[in-house]
Every structure is written in structure tokens, then in C-alpha cells.
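A short worksheet on the structure shown next.
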Amino acid sequence: MLLHVNQLSIHFHARQGIVKAVEDVSFDLAEGETLGIVGESGCGKTVTALSLLRLISNPPGIIAGGEIFFQGRNLLKLSEKEMCDIRGNHMAMIFQEPMTALHPVLTVGRQVREPLIVHKKAVRKTAVQDCIRLLKRVRIPDADTRLHDYPHQFSGGMRQRVMVAMGLACNPKLIIADEPTTGLDVTLQAELLEFMKGLTQTEKTALVLITHDLGIVACYADQVMIMYAGRIVEKAPTLELYRAPQHPYTQGLLASIPRLDQDIQQKLRPIEGQPPDMANLPSGCAFHPRCPHAKPRCMRELPKLMQISTGHDVACWMHSR
Amino acid sequence: MTKTRDFTIVRALAGHKIAMAGLIILVGLVGISVFAPWIAPHDPNEQDLYRVLEGPSRLHLLGTDDVGRDLLSRVIYGSRVTLVIGGVSTLFAGIIGVLLGLVAGYKGGFADMVIMRITDTFMSMPLLVLVLVMIATLGPGIKNLIIVITVLTWPAYARIVRGEAMRVSKLPYIEAAQALGASGLRIMFRHILPNIMAPIIVTASISVGINIMMESTVSFLGLGVQPPTPTWGNELKIGYAYLEVVPLFSIAPGLMITLAVLAFNLIGDGIRDVFDPRLRE
Amino acid sequence: MKPFILKRILYAFLILFLVSILIFLLGRAGDPLEKAALSTRMGMADSEVVDALKVQFGLDRPLHVQYYLWISNFIRGDWGKSLFYREDVREMFINRLPITLELFAGFVFWSAIIGFPFGFIAALKRNSWIDASLTTGAVIGISIPVFWQAIVMIYLFAVAVHIFPPSGYVPFSEDPWKNLLSIAMPSFILGTHSAGIISRYVRSSLLEVLGQDYIRTAFAKGLRAKAVLLRHAFKPSLIPVVTVIGLEWGYMLAGAFIVEYMFAIPGLGRMCMNAIFAGDFPIIQATLILVAGNIILVNFVVDLLYGFLDPRVRVQ
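Chains as they are written, first to last, in the working numbering: chain A, 14 to 334; chain B, 150 to 430; chain C, 159 to 474.
Below, the structure is given as C-alpha cells:
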């Protein structure tokens, strides 16, 4: 197993008290596999991703418990120096909003070749060659001249490709993509995702795909993990999840998007209510105020994540006996 | 600005340690100057030629100056002139600068060009030196100091207000007000001005400190407020002459100037933090 | 880039032109002849003599003609004669400039070696007692009037303990060590004030930069904290600092005038201060024009530096 996350908890110290941004999250990821993490903003998906690289800034954030095994090593036990050797080298992250995630006053070339210089001890000349190669690989036209340009001189789609090229620089075993296609138009989205899909097949790269777009997940993920209020509410192989969603939240999410295989007459149903206040979570199951099937027990007790069939876990009292 | 927003800002300021420290110093200084006749142990101009340049004693807590006047009383009374000059010149310069800045920023065009050229001209000069030259030309005195400081410092407001007004007038709600047929004056004063008060107040607060510093410098050099009127700058001028004999004489008024400037800087910093942590020049 | 620079140069000259008009009017408002008549050994001149002198100096001609004569002479290098010293103003300038430049070198030295490290340390140790004391020190530093700081330091280090001379200037050629001693305290006083301003801006802008997404990206690439700071955070954090140096430049120059005056350093500042007291307008006007020219030049350099630091500006 390339990545094994076990009972991860991440807390933030805020003025209103401790915010449990991520609580009791476990999952596995094998080489060449793609895991989709889906949820509303603030549900803890980005925080989970950042914690894999140990990039949670402390203060205010702290990894309160759990284990992250990557290539057999527990990342939470490594020194900062050892962690630096992993970041950008064996595990890379592609951020959302490339406009702010790319350095505004450094040339694109410098930014893309930086991981090579840091990790592969590349000399400048070969690094420049590799950099051009990388930019060509993500299909940036005139790579050898655009190298000297700054991020603001690129279009949104091109900037996102630069981010991808930067992530690919050292051929990492795991790429974490945080909403990589937000703000791109549909054709660019598909092209970028196809490209990353290709990587998982040819290079056996594992991919963590964070998104709120269930459509993207359906096409590209092998497994899907649905998060709500910092916890996993459902985890299943992609086909299984779309075929037979078990958690009321997952069902609500799927009912709120249009599907080609359904009758057009059927109305889209939004999920009632507001996303929870993370500093002040509802008792019991955090979803109960919005859940159409809520029972008194849901208000009192937190449901555990239970396996209901092979590889399909749900945290809901409806499915426990 | 709604009432609730005002209230939260006041509450936020109250919780801001730096701003509170500044406010406490300021309240203390204003209190001293308002209640000077009751606080001061002596008449600031009463001379006692038998007790010249004495150190601290029961009778004169901070000692006496070169003609036997009570130093403590002079420092207490000195706060009046200094604070009035600092405050009044800031008020005048603020009004002129805000008006011209609003016009420049909202109307743009020719008015903007003229006002900004004047502003850039003033801001390319060493202000303090210019104050000295103009005071030397016009002659000393409180009124002239206020005039000169006002004339030289309004461009700072104009520049800031212009920038902010330009930014705000591009916002949708201003366009909405224009579409509804609001007059230019109404838009400037009812819609733009209330929304750019934060940077104006910050500038004003810091500006009072700078003006106090200017007044003290000019008085210290003997060109400002004329003796026997007590100001901190005047006291320092005498004290500096007797630095080796009575060092305390130079310490007390200087400390007061520093405290006053510090108070306004702290308040300015605090307001800036509270209104918008990202608000910087 | 080129049209931008050209436009900027033209604008700088326009402002310099406006400044010169202002300075010219200031000189006329002071009616230099009457002032000079009072302050020189001419004694109380009667109005007929003054009128005759006015004709002699061309003061009876229309203002714009007077301005034209004055500014064209100035550009040609004829800055007039000091009313008080009866010396050529340009000569006086050239003689005193090196001393002021030395003071300024010291000033830049102090403000840089105090301002930048203090700001950096405060930002990196954010919310610790180190940060609190450095930040407090900075705000006190900018609140102390230059002349009072001078008085206190003279008392502490020249009167109470004789480390530095209380005033005066020893040329470097005469005694290098004494020269350094005589310049150390005045330049330090100037330096601490601007160091306060610089460290505040360095702190706040570095904190803002460190909170940006691109810094997280740099960490995600596997860079060590030190490399992130030097290669990614340093350059963008300088942008607001450079801007504020341009804005405060005039203020810092004025401080130098006061310091030179108090420490009896025979540089440009002291010459101008004495001229202000004596109403010696040829000197005042020449100083003001050159100082304003310097401020305009510095702001021009700041704009260029801005383009160098921030490529986004270059395109516009």
C-alpha cells in the first residue's frame, strides 16, 4: 500500500475554541489508484490533503492524532528535514487557484525547475532543459520562450498547467490535486484530468483528487470518500457509490445534480439547511439537522463508520443493527 | 455606516490593547491641559529670581527654569498650546485635503490633474524645512504655525482620499446610486465619504503626532510660539542651554512630546488594525 | 518598459518645474532685500536705497520675467551670492556636500542594519515577547522627536559619560577615528528614526507575504524554511518597504537638517538652517531646489525599483 492513513485528527485553535477540522479519518491508496474526496467547502477535505504533506501551519493547526504511512514510513514521526525530502519529490501537491499559488514575481521557469534543483541536485543547465521538457509535456506552446515569463502573463488554463508541471517535476509517486480544475472551462478541465489519468496509468502515480464536483469523480476516481463536518460519512468504489449510495448526505448530493441517465421530468432536489458551523457542531451525527431520515438516536449518538459490503463503508444509524 | 457597525468597531477598539494604551495616554494629556489651572502647583509665568535653575524640591517638584519659573507648571500648561496647534492644524488640513481629494477622485479629469500636480509638488519638498522657511518669512506665533502646517500638510489627505474615492466610485453601489439619479455632491458625501472614513481617521491620527512634532521642532529652534507662552518645544530650548546643569529640564518636556506623538501613533495603528488589517499605505 | 520610464522622467521634470515656481514665490514673499537689509551690516536701510537695489537686482520687473532670469541662471550654475557670507552659493554647496554625504552614509548604514533585521525577527517571532518588544521599540523610535533624541544622547554619551564628542566635526583627512566618532551619534539618531519606520513595514509586509498561497506552494515543493524565506518571501516583501522609503525620504532629509544644526556639523543642512535664521534666501532657495530634486530623483528610482521587484507593474 502506497498510502495508509489511520484515524487522522486535525484540530485548529480558534478564538471560539477548538475546531475539529478533521476527525477520525482513515483511508488507503495503492499505486496507480485515484481517490476522490468530495464534500462542501469547510468539510475538511483540503485540510486532510495538506496534512498528508504536513503543511498544516502550527499555530493554529495541529495534527492531534493518527498515523500517515507513506511508502511504509510514518510521516508524523519524521523530522522536518526528512519531510522536506518527501515534499515535491515523492509526494506533490497541485493547488487550486494557480493565480495565487504561483509566485507572482518569479519566472515560471524558475518555479518549475526549483523542485529539480532542490531534490535532484540538478545543475541549472540541465534543470532548464528538464523544465522545458516538463512544460512541453503539459502542452504549453513555445515552452522554451515562455519559460522566462511570469505567471500573470499566462491564461488561467496555462497557469494551472504550470502548476501541474511543477508537481510532476520529480516524478512523484503520489499527487494530491486540490480542486485542480476550479475556474477552468469544461474542455480545459477534461484535458487536464485526462492528462492526470494518463499519469496514473503510465507512471503508476497515485492521485488524490479533491473536488466538490461529483461529475469529475465519477469519471476519474477509482474510490470515492464523502466527507461531512470533518468526518468520512461514506467511502466506496466509485461505481458502487453512484449505483447504490447509502448515506442520506451522499444521496442528497447525487439528487442535487443533473444526470444523463435520468428522466428530465425528475426535479433536482437541493439538500435542505446550511452547512454546519465547525466551531459549534450539532450533537450526535453532525448531519442530523439536515437529514430527512433523522431519528432521536441521531441527535444523541455519533454513528461509527461501518462496512456494509466489500470496500463500502457508511457512517449512519440506518445501516447498523 | 449603520449603528451596529459603529458599535462593533468601538468594541473592537476597546479590546485592542495598543489602541487603548494610546487612548489612555491621550486622555491623560487632554485632562492635564484642560485642568491645567487646577493641577499646576504654580502660575507658569510666576518668576522667582531667588530660585533659578534649581533641582527638584518640595516646592518645585521638577525644579525651576532660568528665571525661577516652576518647570512642572510650565510643562502642564505647555500641553495646551501644543495640543491645540496639533489638533487644529490637523482638522483644517483634513477638511481641505478630504474635499479636494473627493473632487479629484470622483470627478477626475482636469480637477484631478490640477489637484494631483499640486499634491505631488508639495510632497516632493522637505516639509519640516519648508515649515521653518515659511514661519521665518511670516513671523512666529500660534496662528502662523497653524496656517503654515495646514497649508503644507493637506496634500497628504488629498492623495489618500483621492485613491480611496477612485476605488470606491468603481463599486456597483455607487453606480446604482448614479443610476438612481443621485447628484454628484450627494454621492460624494453620502455614499463615498462614509465608506472611506477609516483611512482618513488613521491618517489624521498619525498626522496630529507629526504636527505636534513639527510645532515642537519649530519652537525648539526659536521660530515658533514665542516666550513666555509655555510650550514643550520652548521649554526644551531653555533646557538644552542648561543641559549640563539641570538635565531634568530637558527630559520632562521631551518626554511629554514623545508621549503625545506616541499616543497618536498608537491610536492610528489600532484603528488601522481594527478597521482593516490589510489597510496599509 | 521604455515608454513607462520616459513618461516618468517627463513627469519628474514637470514636478521639479512646479517645485521651482513654489520656491521662487517663497523667496519673493520673503522680500529678501528688506530681510537682508535688516540682518546684514547695512543697518536700517531707508526705502530709497532699497528701491534702488530692487532695480539693480531686477526686482521691479514682472514676476514671470524674474522667474525666468532666476531659473535660467540657476540652471547655468549661477546660484547667486549669499546675502550674509557674500560667497558664491554654488561654491559653498560644493564645499559642504561631502560632509552631508558622509552623514548620510552613516544614516543609511544605521537604518539598514537596524531596520531590516529587527523587522525580520519581529515577523518570524510573531506574537512572542521578542516581537512585542521590537514592535514597541519601533513605534517609540518613530515617536521621539529627532532633536530630543539628540539632547538625550548628548547628555548620556557626551556629558555624563565622555564617549562621543557632544558636537563638532573632524574631517576624515585630519583624524579618521575622531571623524567616525563625530559622525557616529548624529547618524545613529537619524538612523533609528527611519529604522523604526523600516522595521514596521518589513514586519507587516513579511507577515503578509508569509500568509500567501505561493509560500505554501514553496513549502510543498520541499524547500527548507530558510530557502523559502530567502528565495520566495524576501523579494515580494520589499515592495511596500521600498515605497515607504520613497514617501518618507523628504522627512528623513529634514531630520538631517536638524541633526547637523544641533551637532554643529558644517554640512548643507546646517548651512541652510543658518540661512533660514538669517533670511539668506539665495542659500535657502538653492537648498530647497536641490533637496526637492533629490526627493524627486529618489522617488523616480523607487518607481524603477518597483518595476524590478514586481514584474506585474512592468506591463502596465
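The C-beta atom is built at its ideal place from N, Cα and C for all residues, glycine as well.
C-beta contact flag for residue i and residue j at 8 angstroms
i, j, result
"residue 148 of chain A", "residue 178 of chain A", "yes"
"residue 170 of chain A", "residue 206 of chain A", "no"
"residue 304 of chain A", "residue 315 of chain A", "no"
"residue 55 of chain A", "residue 240 of chain A", "no"
"residue 160 of chain A", "residue 143 of chain A", "no"
"residue 341 of chain B", "residue 314 of chain B", "yes"
"residue 423 of chain C", "residue 304 of chain C", "no"
"residue 356 of chain B", "residue 305 of chain B", "yes"
"residue 250 of chain B", "residue 339 of chain B", "no"
"residue 409 of chain B", "residue 208 of chain B", "no"
"residue 276 of chain C", "residue 263 of chain C", "no"
"residue 424 of chain B", "residue 212 of chain B", "no"
"residue 392 of chain B", "residue 309 of chain C", "yes"
"residue 230 of chain B", "residue 291 of chain B", "yes"
"residue 246 of chain A", "residue 262 of chain A", "yes"
"residue 219 of chain A", "residue 88 of chain A", "no"
Listed by chain order, chain B residues near residue i by CB distance under 7 angstroms
i, result
"residue 306 of chain C", "385, 403, 406 and 407"
"residue 338 of chain C", "By Cβ distance, chain B contributes nothing, its closest Cβ being about 24 angstroms from residue 338 of chain C, past 7 angstroms."
Where residue i meets chain C, residues with beta-carbon distance less than 7 angstroms
i, result
"residue 113 of chain A", "370, 371 and 372"
"residue 106 of chain A", "378"
"residue 128 of chain A", "379 and 380"
Neighbour list for residue i in chain B, Cβ cutoff strictly below 8 angstroms
i, result
"residue 409 of chain C", "275, 276 and 277"
"residue 412 of chain C", "275, 276, 277 and 278"
"residue 422 of chain C", "Neighbours of residue 422 of chain C on chain B: none; closest Cβ ~13 angstroms, over 8 angstroms."
Span of the alpha helix (DSSP H) around residue i
i, result
"residue 336 of chain C", "334 to 368"
"residue 69 of chain A", "Segment: none, residue 69 of chain A is in no alpha helix (DSSP H) and carries neither H nor E."
"residue 104 of chain A", "Per DSSP, residue 104 of chain A belongs to no alpha helix (DSSP H); it is in the beta strand (DSSP E), 104 to 107."
"residue 280 of chain B", "276 to 287"
"residue 163 of chain A", "Looking at the DSSP string, residue 163 of chain A is not in any alpha helix (DSSP H), and its letter there is neither H nor E."
"residue 222 of chain C", "221 to 234"
"residue 153 of chain A", "First-last for residue 153 of chain A: undefined, no H or E at that position."
Cβ-Cβ separation, residue j to residue i (assumed contact under 8 angstroms), whole Å
i, j, result
"residue 341 of chain C", "residue 273 of chain C", "So it is not a contact: roughly 19 angstroms between Cβ atoms."
"residue 174 of chain A", "residue 188 of chain A", "The Cβ separation is near 14 angstroms, so there is no contact."
"residue 383 of chain B", "residue 368 of chain B", "5 angstroms"
"residue 165 of chain B", "residue 419 of chain B", "5 angstroms"
"residue 291 of chain A", "residue 34 of chain A", "7 angstroms"
"residue 277 of chain B", "residue 366 of chain B", "6 angstroms"
"residue 341 of chain A", "residue 59 of chain A", "Because chain A here runs from 14 to 334, residue 341 of chain A falls outside it and cannot be looked at."
"residue 371 of chain C", "residue 110 of chain A", "7 angstroms"
"residue 48 of chain A", "residue 327 of chain A", "Not a contact, Cβ separation roughly 17 angstroms."
Proximal residues of chain A, C-beta to C-beta of residue i below 8 angstroms
i, result
"residue 470 of chain C", "117, 118, 163 and 165"
Where the beta strand (DSSP E) containing residue i begins and where it ends
i, result
"residue 322 of chain A", "319 to 322"
"residue 378 of chain B", "Taken as a continuous stretch (DSSP letters only), residue 378 of chain B belongs to no beta strand (DSSP E), as it is neither H nor E."
"residue 20 of chain A", "16 to 27"
"residue 39 of chain A", "30 to 42"
Cross-chain neighbours of residue i in chain C, by beta carbon under 8 angstroms
i, result
"residue 132 of chain A", "380"
"residue 270 of chain B", "173, 176, 177 and 180"
"residue 293 of chain B", "Chain C residues near residue 293 of chain B: none, gap ~13 angstroms exceeds 8 angstroms."
"residue 97 of chain A", "380, 381 and 382"
"residue 366 of chain B", "303, 304, 305 and 416"
"residue 110 of chain A", "371"
According to DSSP, residues forming a beta bridge with residue i
i, result
"residue 325 of chain A", "A:322"
"residue 345 of chain B", "According to DSSP, which records beta bridges pairwise, residue 345 of chain B is partnered with nothing at all."
"residue 240 of chain A", "A:245"
"residue 220 of chain A", "A:47 and A:188"
"residue 76 of chain A", "A:23"
Neighbour list for residue i in chain A, Cβ cutoff strictly below 7 angstroms
i, result
"residue 390 of chain C", "116"
Chain-ordered neighbours of residue i on chain C, where CB pairs are closer than 9 angstroms
i, result
"residue 177 of chain B", "Ordered by position in chain C, no residue passes the 9 angstroms Cβ test against residue 177 of chain B, which lies about 15 angstroms from the chain."
"residue 100 of chain A", "377, 378, 379, 380 and 381"
"residue 410 of chain B", "300, 301, 302 and 303"
Listed by chain order, chain B residues near residue i by CB distance under 9 angstroms
i, result
"residue 187 of chain C", "283, 286 and 287"
"residue 317 of chain C", "392, 393 and 396"
"residue 313 of chain C", "392, 393, 396, 399 and 400"
Residue i CB to nearest heavy atom of the ligand GDP below 7 angstroms
i, result
"residue 41 of chain A", "Ligands in the displayed structure: none, and consequently the ligand GDP is not present."
#### Entry: Interfacial residues, the stretch 281 to 305 of chain C to chain F, with Cβ spacing under 7 angstroms
Although the question refers to chain F, the structure presented lacks it and instead comprises the protein chains A, B and C.
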